[in-house]
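Below is one structure, written out as structure tokens; the observations come after it.
Residue numbers (the working numbering), protein chains in the order written: chain Z, 1012 to 1420; chain R, 53 to 247.
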């Protein structure tokens, strides 16, 4: 058995047919499947340790707390955080980015301040800043990519002024596959006196990430895009920044003390985790990280590079397909359009062939407008995908072209 | 269900050769909606003629299902009274919900019946109908005031770099939505012309 086949065997969901064909799952940028090890970790927690965390004076409560905090330390090591207290558990990357928007942006930005972002952001790293800018009278400046889908560092940095307070940028584009030079962007942003928030939803699952090396101030990602459960995400933030920030949600667990006249906040990260958190989700995420690190993040990245290059060659071979985003190193996805055939029609035909891809605007409408398309197809790969999966994708695309061939204008 | 059943010949024919596609110069009803799932936009324009649909056009980009549905819709409602048009909309939406019944009145559009078994595609088929549906009551009340389109909404936030022009001022009020009205199904009506 090859490595990919051994990995595949850990994913029960992949062992099924869709419309009579073995499932080929190529929608990993939306969410990934879960290995048995993650499913079992979640089940084991509920079967052996379930209790509320942090204050219970009983054995299960201690066990749950230990596992939940253990998961936090696991996440901290995974992203190179110097301190587990810099890891805030959220629902997902979207909530993590909103946390920064609410707890930092709305409170620290004022009229005339500037936020710089890019046209390749997912809505979750665009709309919060649009809203903060509107609420605070700040100015949102948006950098477009180069024609090849990369960001030009000089052009981006050219937008930085003495009023720039925040730079919000994605580490890897969920449409173009572009991997942005976050370390360079952070250095330039810091020179301009701005903070840097990074959307890592499409990078943390696919390549080694070290927040210290990146030099950013906030880094957000989602568990479900990296083999973990849905409903668990992470905001990493520099501790001194988190400590100076006000809470985002109020309630239980986030307070140190409450009086009739007011309340004091718990220490970081707890002041950002009001209410009972997703304990099982955090534990599942830690199991997912264990799984990924056993494979090795460098290997994950290399595997996806190979598959993406293989898929690109196939798509070019099929012909009549426009592929978006840069050549060379990129994250493990390809967005494309078949000439004259709408992505919805493509995805429907592919689904009949048992091949799951995504068709739509990928929550990146400003980028769709820039590409001058209403939508694209997107095939995205992960550790369990093989060249055989790509072959099935290519065969299904050939069939799509044949099916629509006589009506394509 | 096979692909041939979903993509019946009449659907592919309307997709390849859409009827009544284009613009009217003086529409009484002019309305546009986006499908939030894919970002497709369809605009429907109606010119009234003594309480009937005198002329009708649709425009916009979309998949085969949405384009064919819009095309067949325009053919079906041309010459109908507004009440008849409302009745046909009701029948079509019922068919897309998979409700059993006689849909003979929908003629060629019955070919879209299979779409009701593809939940994610139903919105493709119903988009043009929701555009028309939202336009009709205003038309009945006051045809002259039914003009809902035309106002071009400029992007409030300029895009910088990438060869684009230099920045203009934009202070965050990035409302790309010109009239802000909400249509049935809580979709926004976009005031901007076709993209």
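Think of the CB as a built atom: it goes at the ideal place given N, C-alpha and C, for glycine as much as any other residue.
Our contact map puts residue i next to residue j with C-beta atoms below 8 Å; I'd like the distance itself, whole angstroms only.
i	j	result
residue 120(R)	residue 140(R)	With 8 Å as the limit, residue 120(R) and residue 140(R) do not qualify as a contact, their Cβ atoms being about 16 Å apart.
residue 115(R)	residue 1201(Z)	About 46 Å; that fails the 8 Å criterion.
residue 1106(Z)	residue 1181(Z)	With a Cβ gap of about 16 Å, residue 1106(Z) and residue 1181(Z) do not count as contacting.
residue 1043(Z)	residue 1238(Z)	5 Å
residue 1288(Z)	residue 1253(Z)	About 16 Å separates the two Cβ atoms, so there is no contact after all.
residue 163(R)	residue 153(R)	Wrong, their Cβ atoms sit about 16 Å apart, outside the cutoff.
To which residues of the same chain is residue i closer than 7 Å at the C-beta, ignoring the five residues directly before and after it?
i	result
residue 1065(Z)	1076 and 1264
residue 1170(Z)	1127, 1152 and 1154
residue 1379(Z)	1372, 1385 and 1386
residue 111(R)	73, 74, 75, 95 and 246
residue 1194(Z)	1224, 1225 and 1226
residue 1410(Z)	1360 and 1364
residue 1230(Z)	1090, 1209, 1211, 1222 and 1247
residue 1092(Z)	1098, 1222 and 1247
residue 1347(Z)	1326, 1332, 1333, 1334, 1335, 1387 and 1388
Work out the CA separation of residue j and residue i for me, nearest whole Å.
i	j	result
residue 220(R)	residue 1328(Z)	In this prediction, residue 220(R) has a pLDDT of 34, which is less than 50 and means its spatial position is unreliable; nothing more can be read from the coordinates.
residue 1403(Z)	residue 1033(Z)	10 Å
residue 66(R)	residue 1351(Z)	15 Å
residue 1374(Z)	residue 1259(Z)	24 Å
residue 1381(Z)	residue 1129(Z)	12 Å
residue 70(R)	residue 1095(Z)	60 Å
residue 1332(Z)	residue 1291(Z)	43 Å
residue 1363(Z)	residue 149(R)	22 Å
residue 1219(Z)	residue 1225(Z)	11 Å
residue 1266(Z)	residue 185(R)	51 Å
residue 1173(Z)	residue 1311(Z)	40 Å
residue 124(R)	residue 1358(Z)	23 Å
residue 1341(Z)	residue 1217(Z)	10 Å
residue 85(R)	residue 1376(Z)	15 Å
residue 1139(Z)	residue 1145(Z)	10 Å
residue 188(R)	residue 62(R)	27 Å
residue 1162(Z)	residue 1240(Z)	32 Å
residue 1338(Z)	residue 1314(Z)	16 Å
residue 1058(Z)	residue 1390(Z)	37 Å
residue 1061(Z)	residue 1401(Z)	41 Å
residue 1022(Z)	residue 1277(Z)	40 Å
residue 78(R)	residue 1149(Z)	41 Å
residue 1046(Z)	residue 1298(Z)	9 Å
residue 167(R)	residue 1031(Z)	20 Å
residue 88(R)	residue 1196(Z)	33 Å
Take residue i and list the residues in its own chain whose beta-carbon comes closer than 8 Å to its own, dropping the five residues that flank it on each side.
i	result
residue 1268(Z)	1274 and 1275
residue 1147(Z)	1116, 1117, 1120, 1121, 1122 and 1124
residue 55(R)	none
residue 1013(Z)	1397
How about residue i and residue j: do their beta carbons lie closer than 9 Å?
i	j	result
residue 1112(Z)	residue 1142(Z)	yes
residue 1136(Z)	residue 1082(Z)	no
residue 1026(Z)	residue 1392(Z)	no
residue 1336(Z)	residue 1186(Z)	yes
residue 126(R)	residue 109(R)	yes
residue 1049(Z)	residue 1302(Z)	yes
residue 1319(Z)	residue 1286(Z)	no
residue 1098(Z)	residue 1245(Z)	yes
residue 1397(Z)	residue 1017(Z)	no
residue 92(R)	residue 1353(Z)	yes
residue 60(R)	residue 82(R)	no
residue 1103(Z)	residue 1242(Z)	yes
residue 1306(Z)	residue 1037(Z)	no
residue 983(Z)	residue 1041(Z)	Since the displayed chain Z opens at 1012 and closes at 1420, residue 983(Z) lies outside it and no answer follows.
residue 1199(Z)	residue 1164(Z)	yes
residue 1183(Z)	residue 1214(Z)	yes
Excluding five sequence neighbours on each side, which residues of the same chain lie with their C-beta closer than 6 Å to the C-beta of residue i?
i	result
residue 176(R)	115, 117 and 118
residue 1294(Z)	1052, 1056, 1078 and 1082
residue 234(R)	Because the pLDDT of residue 234(R) is 33, which lies under 50, any placement of that residue in the model is unreliable, and the question is left without a value.
residue 160(R)	62 and 124
residue 1203(Z)	1171 and 1175
residue 1300(Z)	1085 and 1089
residue 1406(Z)	none
Does the beta-carbon of residue i, which I'm using as the reference point, lie nearer than 8 Å to any heavy atom of the ligand SAH?
i	result
residue 110(R)	In the structure shown, the ligand SAH is absent, as is every other ligand, since no ligand is present at all.
So within the stretch 1119-1202 of chain Z, which uninterrupted beta strand (DSSP E) runs reach at least 3 residues, ignoring any that extend past its ends?
1125-1129, 1150-1154 and 1175-1181
May I have a chain-ordered list of the alpha helix (DSSP H) segments no shorter than 4 residues that lie completely inside the stretch 1050-1113 of chain Z?
1070-1090 and 1104-1111
Check each residue of the stretch 1355-1371 of chain Z: if its Cβ is closer than 8 Å to any Cβ of chain C, include it; give the result in chain order.
Reference to chain C is not applicable here, since the protein chains of this structure are Z and R.
For the stretch 1304-1347 of chain Z, which segments carrying the alpha helix (DSSP H) assignment without a break, of at least 4 residues, lie completely within its bounds, in sequence order?
1308-1329
Residue ranges of each beta strand (DSSP E) run of no fewer than 3 residues wholly in the stretch 85-109 of chain R, ordered along the chain?
93-101
Quick check on the DSSP output: what are the complete alpha helix (DSSP H) runs of length 4 or more inside the stretch 1211-1288 of chain Z, in order along the chain?
You should have 1222-1225 and 1250-1255.
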